[in-house]
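**Q** Here it is, the structure, as structure tokens.
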Amino acid sequence: MKKIQQEEFKTTCSYCGVGCGIVAQKSSDNKITVKGDKNHPVNRGMLCSKGMNLDYVANDLSDRILYPEMRWSKSHPRERVSWHKGLDRAARVFKTLIQKYGPDSVGFYVSGQCLTEEYYIANKLTKGFLGTNNIDTNSRLCMSSAVVAYKKTFGEDSVPVSYDDIELADCFLIAGANPAWCHPILFRRLEKHKEENPEEVKVIVVDPRRTDSARFADLHLQLIPGTDIILFNAIGRRLIERGYIDKRFIKEHTENFQDYKKQAYSLSLKKAAKGCGLPVDEIKEAAEMIGRSKGFISMWAMGLNQSSVGTDKNFALLNLSLITGRVGKPGNGPFSLTGQPNAMGGREVGGMANLLAVHKNLNNPQHRQEVADFWGVDKISEKPGYTATEMFDALESGELKAVWIACTNPMVSLPDVRKAEAALKKAKFVVVQEISHKSDTLECADLVLPAAGWMEKEGTMTNSERRISYLPQELSPPGEARADVEIFCDFAQRMGFSEFNYNSTEEIYAEYCEMTKGTNIDISHLNYDRLKNEGSIQWPVPEYRHPGTTRLFEDHQFYTPSKKAIFNIPASINNTSTLPDEEFPLILTTGRVRDQWHSMTKTGKVSRLRTHYSSPVLEINPVDGIKYFIKNGEVVEVKSENGNVRLRAKITKDVRPGVLFLPMHWGKQLSSDLNRANNLTFNRVDPQSKEPDFKFTRVSVSKFKKP
Ligand code: SF4
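In full-length UniProt numbering, the protein residues as written are 1 to 707.
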């Protein structure tokens, strides 16, 4: 019998922003097995259910798109074409539209799952060479509120802390996040730390749902959705009253404290508690836990970011770190938990419609010129591009004619998804660069380009703690699939830009590293060889032998012009979402389940991962069950002003009365149009970050009656 040889290599998990290290084995018949990397500083050998099943995803090619497909007109079916024919037509269409309607008539919609090199090239092509800033990303849907808040508070989009700070802290405030399910390995580290120090370590969870994270906490603040600012300000007020603030830090290293204090004192604790639907004592207890701690870390995710006041919620939370002086010290600091594996890398290369690479700002003429000079082009357009939801609005209005979608499935993930779907169907030309036939977005594609998946391409990613990892290519892409970066470069050259004639991905990475020289995210001395030999490293890495930076702002010198951190004051303490009324009396919030990822194009094909939740269910409190005559397991219909869904109800006290919860993963391909949570949501956005308000949709619910 033929002996199968095993080859071992290291890589990084392709799901969440925790960025766990993986040791993979490849057999001589190209089958992969995976296990956690015991020596990796993030996960220390652990993997969650999603990570553990990545080998199945890599080995199963049954759903993979194997060759380009194109349709010559909207009324024709797509047919197999060569890469040459497909990309040539795409270049012809883009050139014609740009000539006829200007560069802002085309756009790119990419993803936090793109590798840094892919993100960099797509941005360079769009902003530097096509002459439009119409490139945005699905990270707009998850992290953009945190990006704005970091920039306005610290001067740049910079996460100050590391996972290693977890074991140094003794108080955690987890707000609008369920890391037990969505960042499991990070949460496992926190659990272990608390198990080893049960008396010292305190965990506070702020969430309208009683999640597994909340069950683990010492204190669960089960607030009314949307009232986070009132709560954080009330905690701030109590910290001030109890003398738990760092006056010296505030005086020497911050600006605007008096304005902060004024707003924090604008409500009494009693009124604030009433506004949040919480007992006063719970707010006091939270302040005591924070005030008495030696190390205070706040962690947050979509519950804060995905809101019409998402940036203001971020400000209110960041301000708690500022009043207590808990930044730039071991075991202290604010820590946004990134959903996607390379959302951070995308931000570094300016992967949003209003950003430029290396943390430069699009609205700064000098920054625009510096980037233009680096790329050897005359200028970068000063006009901000369309953000995610704006892009689909512009497709609907006809201002945007063609869109190129890579590594994301907006027909499941965008708010008010039926409207987005209709807009996409109206577009003159839609390119979808994708790995799986399971993506709903393929339905709207004029040109489908098969992309390489995890392990089938090389590049780098940055996790939530600024840690850059190198991912090797160990497998050949199936059929005619190609690496995303190769596809972008080929298209760019067909558009006439010889500057994209790179010899390797490494050359692209080196160009980006050169661009970071002298900036606050300097990795100019971090080449592929170092990443391959030494493993992952946290930016900045300004010198060749520099070990990477565990913590930012240890000297309390921030990146603002005054070098001080800024207390930003929320415009209002109240939520600006459309409130429930008689017709739509309930608040719907959406989110993830433990074993699924995004629109399930990868996790959905692993049967083991479907046992946790085989289909979506609507969580509803028993009080509302009685009120609306709904029993556990019955099929219900949920309606909003935008649309409806139909699915089974789960009666549970895990949600507050008046609140419903619905998982966001299921789309048409894997279930039905009637299970898409985003049929219900609005494309209302936070005015500062343009991040959609997924966490607050007014709806009604009733038992479904067959017509
Ligand atoms: Fe992958 Fe995130 Fe799970 Fe780690 S915690 S194995 S990065 S999904």
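Even glycine gets a Cβ: it sits at the ideal position worked out from N, Cα and C.
All values derive from a computational prediction rather than experimental measurement.
Within 10 angstroms of its Cβ, does Tyr265 collect 16 or more other Cβ (buried), or is it exposed?
**A** Its Cβ having fewer than 16 others within 10 Å, Tyr265 is exposed.
**Q** Run through the stretch 148-219 for me and flag every whole alpha helix (DSSP H) of 4 or more residues, listed as ranges in chain order.
**A** Counting only runs of 4 or more, we get 179-182, 184-196 and 212-216.
**Q** Determine the DSSP secondary structure at Lys2, reduced to helix, strand or coil.
**A** With a pLDDT of only 46 at Lys2, under the threshold of 50, the placement of this residue in the model should not be trusted; the figure read from the coordinates follows. Note: Lys2 maps to coil in three-state DSSP.
**Q** Would you mind stating whether Phe129 and Phe491 have Cβ atoms separated by less than 7 Å?
**A** Against a cut-off of 7 Å, the Cβ pair of Phe491 and Phe129 comes out as no contact.
**Q** Please confirm whether any heavy atom of the ligand SF4 lies closer than 6 Å to the CB of Pro184.
**A** Pro184 Cβ: within cutoff of the ligand SF4.
**Q** Opposite Leu221 in the DSSP bridges: which residues?
**A** Answer is Val206, bridged to Leu221.
**Q** If we define contact as Cβ-Cβ less than 7 Å, is Lys653 a contact residue for chain C?
**A** Here chain C cannot be found, since the structure has a single protein chain.
**Q** Leaving out five residues on either side along the sequence, give the residues of the same chain with a beta carbon under 6 Å from the beta carbon of Gly351.
**A** Cβ within range, chain order: Tyr119, Asn123 and Thr137.
**Q** Name the one or two DSSP bridge partners that Lys639 has.
**A** Lys639 pairs with Asn644 and Ser700.
**Q** Is Ser464 closer than 7 Å to residue 724 when the C-beta atoms are compared?
**A** No answer is possible for residue 724: it lies beyond the span of the chain, which begins at 1 and ends at 707.
**Q** Answer with buried or exposed for Val623, where buried requires no fewer than 16 other C-beta atoms within 10 angstroms of its C-beta.
**A** So Val623 counts as exposed.
**Q** Should the stretch 278-287 be regarded as contacting the stretch 225-239, the criterion being three or more beta carbon pairs within less than 8 Å?
**A** Touching, yes.
**Q** Counting along the chain, where does the alpha helix (DSSP H) carrying Lys85 start and finish?
**A** First-last of the alpha helix (DSSP H) with Lys85: Trp83 to Tyr101.
**Q** Taking C-beta to C-beta, are Val403 and Tyr109 nearer than 7 Å?
**A** Yes; because the gap between Cβ atoms is below 7 Å, this pair is in contact.
**Q** Name the DSSP bridge partner or partners of Trp300?
**A** DSSP, once it has assigned bridges, lists Ala175 and Ser336 as partnering Trp300.
**Q** Could you give the first and the last residue of the continuous beta strand (DSSP E) run that contains Tyr470?
**A** Unbroken beta strand (DSSP E) run through Tyr470: Arg467 to Leu471.
**Q** Cutting at 6 Å between CB atoms, please list the residues of its own chain near Val655, excluding the five before and the five after it.
**A** Here the set comprises Arg209, Glu619, Asn621 and Phe661.
**Q** What does the Cβ neighbour count give for His359, buried or exposed, with the cut at 16 atoms within 10 Å?
**A** By the 10 Å Cβ count, His359 comes out buried.
**Q** Near Gly453, what residues of its chain come up, given a Cβ to Cβ distance below 6 Å and the 5 sequence neighbours on each side ignored?
**A** Once the five neighbours on either side are set aside, the close Cβ partners of Gly453 are Ile435.
**Q** If you pair each beta-carbon of the stretch 579-592 with each one of the stretch 307-318, do three or more pairs fall below 8 Å?
**A** Contact fails: fewer than three Cβ-Cβ distances are below 8 Å.
**Q** Could you please give me the residues that DSSP links to Val106 through a beta bridge?
**A** DSSP output for Val106 lists Ala402 as bridge partner(s).
**Q** Is any non-hydrogen atom of the ligand SF4 found closer than 6 Å to the C-beta of Cys444, if you look at the structure I gave you?
**A** Checking every heavy atom of the ligand SF4 against the Cβ of Cys444, none is found closer than 6 Å.
**Q** In chain order, what are the residue ranges of uninterrupted beta strand (DSSP E) at least 3 long that sit wholly in the stretch 653-686?
**A** With a minimum length of 3 residues, the continuous beta strand (DSSP E) runs that stay inside the stretch 653-686 are 659-663.
**Q** Under DSSP, the alpha helix (DSSP H) around Lys511 begins and ends at which residues?
**A** The amino acid at residue 511 is misidentified as Lys; the sequence shows Glu. First-last of the alpha helix (DSSP H) with Glu511: Thr505 to Met515.
**Q** Please report how far the alpha carbon of Met1 lies from the alpha carbon of Ser607, in whole angstroms.
**A** Model confidence at Met1 stands at a pLDDT of 44, short of 50, so the residue's coordinates are unreliable and nothing is read from them.
**Q** Considering only the alpha carbon of each residue, which of Gly398, Gly658, Ile468 and Thr408 lies closest to Gln433?
**A** For the residues Gly398, Gly658, Ile468 and Thr408, the minimum Cα distance to Gln433 belongs to Thr408.
**Q** Classify Ile230 as buried or exposed, calling it buried when 16 or more other Cβ atoms lie within 10 Å of its own Cβ.
**A** Ile230 is buried by the Cβ-count criterion.
**Q** Kindly confirm or deny that the stretch 199-213 and the stretch 175-185 touch, where touching means at least three C-beta pairs closer than 8 Å.
**A** Flag = yes, the stretch 199-213 and the stretch 175-185 touch.
**Q** Spatial neighbours of Ser308 within its chain, please: CB distance less than 6 Å, with the 5 preceding and 5 following residues excluded, ordered by chain position.
**A** Cβ neighbours of Ser308 beyond the five flanking positions: Thr576, Ser577, Arg684, Asp686 and Asp693.
**Q** Quick check on this structure: which residue in Gly385, Asn568 and Leu173 has the alpha carbon closest to the alpha carbon of Lys151?
**A** For Lys151, the nearest C-alpha among the options comes from Asn568.
**Q** By Cβ distance below 7 Å, which residues in the same chain neighbour Glu282 in space, the five residues on each side in sequence not counted?
**A** The answer, listed in chain order, is Leu219 and Leu221.
**Q** Skipping 5 residues on each side, what residues in its chain have a beta carbon closer than 7 Å to that of Glu458?
**A** Only Leu471, Pro472, Gln473 and Thr505 meet the Cβ criterion.
**Q** Fully enclosed by the stretch 523-588, which alpha helix (DSSP H) runs are 4 residues long or longer?
**A** Taking only runs of at least 4 residues, the alpha helix (DSSP H) segments lying wholly in the stretch 523-588 are 528-534.
**Q** Any heavy atom of the ligand SF4 closer than 6 Å to the Cβ of Val18?
**A** Result yes, Cβ under 6 Å from the ligand SF4.
**Q** Is it the case that the CB of Lys10 approaches a heavy atom of the ligand SF4 more closely than 6 Å?
**A** No, the beta carbon of Lys10 sits no closer than 6 Å to any heavy atom of the ligand SF4.
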